[in-house]
Amino acid sequence: MDLLTGIFSAFGLSASAGLNAYIPLLVIGVIDHYTDLLTLQKPWDTLSNPWILILLGVLLIIEMLADKIPAVNHINDAIQTVVRPAAGAVAFAASANVLTDVNPVLALALGLFVAGGVHAAKSVVVRPAVTAATGGVANTPVSIAEDVTATGVSILAILVPVALATLLIVFAALLIWWLWNRSNRDDTAGTPSP
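Numbering (my numbering), first residue to last: 366 to 559.
So, in structure tokens, the structure goes:
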């Protein structure tokens, strides 16, 4: 069961990095530094260094503020296109290495893929739709919701990874179903009736 929980934790943490790069890294570092719930192996234990925790906190504040300012949030998303997948790769590798012997290259690739996918869905589908539908008014509340979600998912990924994995699978299935129905609805709306 340790292998399974380690993998579920890794997927949850890397998914939350797709929403906010610094939250899962900060959660991992703080939990490793202040509790016995998680013990990071080398070289990932650097995340719990007090100076790295301070740096992650400063980067988190900058990212959170930039994501709430109209126009700046678009520049921030462009920058985060590189940062979030990289953070997801680190979060996956660090958390998978706690309980498993997953190959580091595979762990980094999986984290990169998961965080990159979540970031792409957020920046290519969700945010443009929110901006178009609300004239940008809802971008700040959506950004706050993303930060809260990333924090909750990061904490749950460490405390109850199996339950979190189930929730993520259900959410992904619902999102795919919704996108599929939307696509089919758009296709039938453009087709003339006989």
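C-beta: ideal position from N, C-alpha, C; glycine also.
Q. Do you know how far the Cα of Leu475 is from the Cα of Ile370?
A. Within the sequence shown, residue 370 is the residue found at index 5, counting from 1. Within the sequence shown, residue 475 is the residue found at index 110, counting from 1. Correcting the residue type first, residue 370 is Thr in the shown sequence and not Ile. If I take the Cα positions, the gap works out to 16 angstroms.
Q: Look at Pro389 and Ser519 and say whether their C-beta atoms are less than 8 angstroms apart.
A: The sequence position of residue 389 within the sequence shown is 24, counting from 1. The sequence position of residue 519 within the sequence shown is 154, counting from 1. Contact flag set, yes.
Q.
Does any residue of chain C have a CB that is nearer than 8 angstroms to the CB of Val455?
A. No chain C appears in this structure, which consists of one protein chain only.
Q) Where in the region 451–494 do unbroken runs of the alpha helix (DSSP H), each at least 4 residues long, occur, reported from the N-terminal end onward? A) 469–485
Q: Tell me, please, whether the region 473–493 touches the region 439–458 by the rule of three or more beta-carbon pairs shorter than 8 angstroms.
A: Put simply, the region 473–493 touches the region 439–458. At least three CB pairs are less than 8 angstroms apart.
Q | Straight-line gap, Leu544 to His484 (C-alpha atoms, nearest Å) | A | Here residue 544 refers to the residue found at position 179 when the sequence shown is read from its first residue. Here residue 484 refers to the residue found at position 119 when the sequence shown is read from its first residue. Distance between the alpha carbons of Leu544 and His484 is about 16 angstroms.
Q: Grab me the residues of Ala461's own chain with a C-beta within less than 7 angstroms of its C-beta, minus the 5 sequence neighbours each way, in chain order.
A: Sequence index remark: in the sequence shown, residue 461 carries index 96 (1-based). Closer than 7 angstroms at Cβ, skipping near neighbours: Gly371, Ile372, Ala375, Val467, Ala472.
Q. So what's Asn441 in DSSP terms, helix, strand or just coil?
A. For the purposes of this step, residue 441 is taken as residue 76 along the sequence shown, with counting starting at 1. Three-state result, Asn441: helix.
Q: Decide if Pro399 is buried, meaning its Cβ has at least 16 other Cβ atoms within 10 Å, or exposed.
A: Translated into positions along the sequence shown, residue 399 becomes position 34. One detail in the question is off: residue 399 reads as Tyr in this sequence, not Pro. Exposed is the call here.
Q: Identify whether Asn549 lies in helix, strand or coil by the three-state DSSP scheme.
A: For the purposes of this step, residue 549 is taken as the residue at position 184 of the sequence shown. Helix at Asn549.
Q. When you compare each of Leu402, Gly377, Asp397 to Leu412 by their alpha carbons, which one comes out closest?
A. Translated into positions along the sequence shown, residue 412 becomes position 47. That would be Asp397, whose Cα lies nearest to the Cα of Leu412.
Q | Between the CA atoms of Leu524 and Ala443 - distance to the nearest angstrom | A | Translated into positions along the sequence shown, residue 443 becomes position 78. Translated into positions along the sequence shown, residue 524 becomes position 159. If you take the alpha carbons of Ala443 and Leu524, they lie about 32 angstroms apart.
Q. By how many angstroms is the C-alpha of Pro493 removed from the C-alpha of Leu403?
A. Taking the first residue of the sequence shown as position 1, residue 403 is located at position 38. Taking the first residue of the sequence shown as position 1, residue 493 is located at position 128. So the two alpha carbons sit approximately 37 angstroms from each other.
Q: Go ahead and label Asp401 buried or exposed: buried means 16 or more other beta carbons lie within 10 angstroms of its beta carbon, across all protein chains shown.
A: Sequence index remark: in the sequence shown, residue 401 carries index 36 (1-based). Exposed, by the Cβ-count rule.
Q: With distances taken Cα to Cα, identify the nearest neighbour of Asn504 among Leu425, Leu430, Leu424, Val392.
A: Locating residue 504 in the sequence shown gives position 139, counting from the first residue. Per the Cα distances, Leu430.
Q | Per-residue DSSP class, three states only, for Ala386 | A | If you number the sequence shown from 1, residue 386 lands on position 21. Reduced to three states, the DSSP call for Ala386 is coil.
(Q) As a quick exercise: from Val470, Arg449, Gly501, pick the residue whose alpha carbon is nearest that of Leu424. (A) Here residue 424 refers to the residue found at position 59 of the sequence shown. Among Val470, Arg449, Gly501, the Cα nearest to that of Leu424 belongs to Arg449.
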